[in-house]
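Here is the structure we will look at.
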Amino acid sequence: MGSGVLFGTGAFASTDADRSVSIAIAGDASAYLGIEGHPDYTGTEVAGGVEVVTLEMGELDGADGEGVNQRATTTIDEILTFTNQSANDIDIEIDSDVDEISFDPSSFSGLSPGSSESTGITIDTTDEPEEDLTGDLTINATLAGDGGDGGGEDGD
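Position 94 of the sequence shown, counted from 1, bears residue number 94 in UniProt numbering, the numbering being contiguous throughout.
What follows is the structure, given as structure tokens:
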């Protein structure tokens, strides 16, 4: 009669593998997710040699105003337009780290290749912010139905 000894659980512990990576960096207008801003309320800046869209609602060329009203809610439609310049449907989520700023709609589902959608911005100063509003905007684009894990609809 034979006997056997089982060592370990058979679970994979770890691996270390080197691979080469080549990623082209493009400006907002020509990236897989094209981003264009409303010409009256956005600008562009060069960050790391790449042109990116910025939201600017201070003094405007050709206008006498210097910003949005205090103790008011200001809405600007179509502040940003997103164009899917990839080969796959994508989902987009938009978020700001400034409590007084929101976007409507703040997400798009299943934006097909070649199609565009726009979002509006609402700036709520009814609680009288003490200084100008500054912060960051996060735009998260993932393959449609992917949930952000990079593995397609079934997560594989």
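Ideal Cβ positions, reconstructed from N, Cα and C, are used throughout, including at glycine. Quantities reported herein were computed from a predicted structural model and do not represent experimental measurements.
On the DSSP bridge list, what partners appear for Ala141? Ile92
Short of 8 angstroms in beta carbon distance, which residues of its chain neighbour Ser96, apart from the five on each side in sequence? Order them along the chain. If we look at Ser96 and ignore the five residues flanking it on each side, its Cβ neighbours are Ser102, Phe103, Gly135, Asp136, Leu137 and Thr138.
At a cut-off of 7 angstroms, is Ile35 close to the ligand ATP when judged by its beta-carbon and the heavy atoms of the ligand? This structure lacks the ligand ATP; in fact it carries no ligand of any kind.
Nearest candidate by alpha-carbon position, reference Thr73, set Ala24, Ile92 and Asp124: Asp124
Restricting to Cα atoms, I'd like to know which of Thr15, Tyr32, Asp127 and Ala17 is closest to Leu23. The sequence given here places Ile at residue 23; Leu does not occur at that position. Taking only the C-alpha atoms, the option nearest Ile23 is Tyr32.
Going by other Cβ atoms of all chains shown within 10 Å of its Cβ, with 16 needed for buried, is Thr119 buried or exposed? buried
In this structure, does DSSP put Asp99 in helix, strand or coil? coil
Closer than 7 angstroms by C-beta to Tyr41: which residues in its own chain qualify, once you throw out the five before and the five after it? Chain order, please. Leu55, Glu56, Met57, Ile76 and Ile79
Reference Glu36, options Leu143, Thr81, Gly114 and Pro113, closest by Cα: Thr81
Can you have a look at Val53 and say buried or exposed, based on whether 16 or more other CB atoms are within 10 angstroms of its CB? The residue is buried, with at least 16 neighbouring Cβ atoms inside 10 Å.
Counting only C-beta atoms, is Ser112 closer than 8 angstroms to chain D at any point? Reference to chain D is not applicable here, since this structure consists of a single protein chain.
According to DSSP, simplified to helix, strand and coil, what is Asp104? strand
Distance, Cα to Cα, Thr126 vs Gln70? 7 angstroms
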